[in-house]
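Protein chains in written order, with the working numbering: chain X, 1 to 362; chain G, 1 to 362. C-beta: ideal position from N, C-alpha, C; glycine also. Predicted, not measured: the structure shown is a model, and the values here were computed from it.
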């Protein structure tokens, strides 16, 4: 999706991919096959680039440091990216900044978890310190046995208080090296089992004051953490206000609706930001937009059912990622736009479910 | 621009280009270098394709016939494309269909032109029978001397009556092999010296009845000429009604505004049509949109001034084509959207002129 945005801007865009079958490699005219964990591959790739940016947070710090030492413009910076690679570090940093986050503490044994449960009651939320992506790496444990299962995987985890939130929100902002910032409307994200299913833009019925708080928080965090590019902040809306759940410093699933739903898509915005170009208008193009993820079902052919969805709803926008279908995997998304949130949401949900599984539900 | 549309649709898209520096080759992950005038190159390219389509009308008929004989799905068909390759054939065919066109006749000598001028007075419009593109190949001759200059180039031409039109309009429609059709709002095109400078969507102040006639005409022509893909019909608005000036059976400059200004861009629509997928909604996304071409000036660096334009108008959309600048060449375009046509037009004109030449005009 960033490659498509680069075409219009006349940017020479290249991708480092592990495999020619990766989504970005399929559509980028200048793909280099290499390993993002190899400093040699990264340095060779970067030699022809003015700026390096990311669509995931897995490039390790030593390799990022090697790029910086070589004088490569790495945006966002390794120091900022570290907060998306180490969730405990992120929580500590946000704590220093006075930003409300769920209480968290490192656990190294089942006894530690049990001790927390004795204090707070079950459930206890366990999260991987690193490598979390899209909810994988987050486990809501309701018993000793569930916690023991998580710990058995030998992934460093920390425990987080279970927050009885009303709903989940996200705020997407962009920031350029010169400090120019832009914020998109606050959205509601509908998650199930830690996977984002839908994004409603703007968040229905959100109090103006909370929306303003979220925007202020997003812009403040981008500045305080020295983020360059887009920053997605996942939030819990609770009776006591907003809590920060997760950060991402790249185009994010919660912003896919901006491709058609905002004057500047998050992909164009990310490119403009990392190139230190003026940011584009983040204003909405329609009263409401709903993005629904196409989650792989048991049918491996998502293309076969596109025709029906397109015929049923000619105004629907479909985006497929060129990924092999696996159950639960995000293989594409749809976006519907319109005036009535309930109607728009019904269109998006129906289409996403039909493309994935061929089934209709009332 | 078609490559960008293909990304979202999950289509495997390949391009036959003469040179790796061509606009499409720069951004398409699967570019084959070859000659569109070579049947061997075309057949080798087509072997891996389900459907072949075009972004220009220069592939000669014998080579198109070779593709058809080999069982390749060529859309639009050679028979339809012929009408965009031979303007006299097009006028004859439209005449048979009862579609109003300017009167035309073949001329082979200056005496022929003089004879027409004696009947109708100057100017006499001379047009190349083939190879016209974007106004090049059209000469409004106001004297014997001007006509002699055109004839001296040894290009087969015909003479056309000079139509005293009020303005130029265009209607863009799409048609799929199954006969499904869709029409975009009628636009006004602002041409100078045979080059399109601006497109106003929808055409300001167009009478409902004329708009309906234009849409009906576009859809009828697409059907009667068996067009598959998008069809752009350039029209003269005269006191006596609409006259057809030119046809194009590919995404067309008069439809670039649809990238942001319509729910389905002409590029996505063309792909959907030639693949026989259901067509997308051609509805406008804003009350008005203005596209202004960035015409090369004497400054070869169009990128250097982008920043200023983006800073001055964050909601403006810019599209650069990756072409070397030559004076008068279309090297990109900008689109502004909004509610007030005069304000939107001023934004688009100002930005296009500034990117091209760095100058501001009142």
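Item	Value
N-terminal and C-terminal residue of the beta strand (DSSP E) that residue 216 (chain G) is part of	Unbroken run through residue 216 (chain G) is the alpha helix (DSSP H), 208–224; no beta strand (DSSP E).
Within-8 Å CB hit, residue 319 (chain X) to chain G	yes
Interface residues of the region 14–30 of chain G facing chain X [CB-CB below 7 Å]	26, 27, 28, 29
Residue 158 (chain X) beta carbon less than 8 Å from that of residue 104 (chain X)	yes
Burial state of residue 350 (chain G) (16 or more Cβ within 10 Å)	buried
Residue-level contact to chain G via CB, residue 255 (chain X), 8 Å cutoff	no
Per-residue burial, residue 133 (chain X) [other beta carbons within 10 Å of its own, 16 or more giving buried]	Because the pLDDT of residue 133 (chain X) is 43, which lies under 50, any placement of that residue in the model is unreliable, and the question is left without a value.
Residue 134 (chain X) in three-state terms, based on DSSP	In this prediction, residue 134 (chain X) has a pLDDT of 45, which is less than 50 and means its spatial position is unreliable; what the coordinates show is noted afterwards. Note: residue 134 (chain X) maps to coil in three-state DSSP.
Residue-level contact to chain G via CB, residue 283 (chain X), 8 Å cutoff	yes
Chain-ordered chain X contacts of residue 314 (chain G) [CB-CB under 7 Å]	278, 279, 280, 281
The region 300–315 of chain G / the region 266–285 of chain G touching (three or more Cβ pairs under 8 Å)	no
Chain-ordered chain G contacts of residue 3 (chain X) [CB-CB under 7 Å]	7
Which of helix, strand or coil DSSP assigns to residue 167 (chain X)	strand
Three-state secondary structure (DSSP) of residue 203 (chain G)	coil
The region 210–225 of chain X touching the region 172–190 of chain X, judged by at least three CB pairs closer than 8 Å	yes
Under 9 Å by beta carbon: chain X residues contacting residue 291 (chain G)	Correct list: empty, because the minimum Cβ distance to chain X is about 13 Å.
Under 8 Å from the C-beta of residue 332 (chain X): neighbouring residues of chain G	10
Start and end residues, beta strand (DSSP E) containing residue 338 (chain G)	330–338
Interface residues of chain G facing residue 303 (chain X) [CB-CB closer than 8 Å]	10
Sequence ranges, beta strand (DSSP E) only - wholly within the region 48–131 of chain G, length at least 3	104–107, 124–128
Buried or exposed by the 16-neighbour rule on C-beta atoms within 10 Å, applied to residue 202 (chain X)	buried
Assumed close pair residue 233 (chain G), residue 251 (chain G) - CB separation to whole angstroms, cut-off 8 Å	Actually they are not in contact, since the Cβ atoms of residue 233 (chain G) and residue 251 (chain G) sit about 14 Å apart, beyond 8 Å.
Residue 245 (chain X), DSSP secondary structure in three states	strand
N-terminal and C-terminal residue of the alpha helix (DSSP H) that residue 8 (chain X) is part of	2–9
Proximity winner among X:343, X:161, X:77, relative to residue 225 (chain X) (alpha-carbon distances)	X:77
Under 9 Å by beta carbon: chain X residues contacting residue 310 (chain G)	272, 277, 278, 279, 280
Endpoints, the alpha helix (DSSP H) within which residue 258 (chain X) is located	258–261
Of the residues G:9, G:289, G:36, G:80, the one placed nearest residue 177 (chain G), counting alpha carbons only	G:80
N-terminal and C-terminal residue of the beta strand (DSSP E) that residue 302 (chain X) is part of	Careful: residue 302 (chain X) lies outside any beta strand (DSSP E) and carries neither H nor E.
Partners in chain X for residue 69 (chain G), counting only beta-carbon separations shorter than 9 Å	Going along chain X, no residue has its Cβ under 9 Å from residue 69 (chain G), so there is no contact; the nearest lies around 29 Å.
Proximity of residue 126 (chain G) and residue 169 (chain G) at Cβ, strictly below 8 Å	no
Neighbourhood of residue 4 (chain G) by C-beta distance below 8 Å, restricted to the same chain and skipping five residues each side	27, 267
Any chain X beta carbon closer than 8 Å to residue 167 (chain G)	no
Where residue 179 (chain X) falls: helix, strand or coil (DSSP)	coil
Continuous beta strand (DSSP E) stretch holding residue 293 (chain X): start and end	288–295
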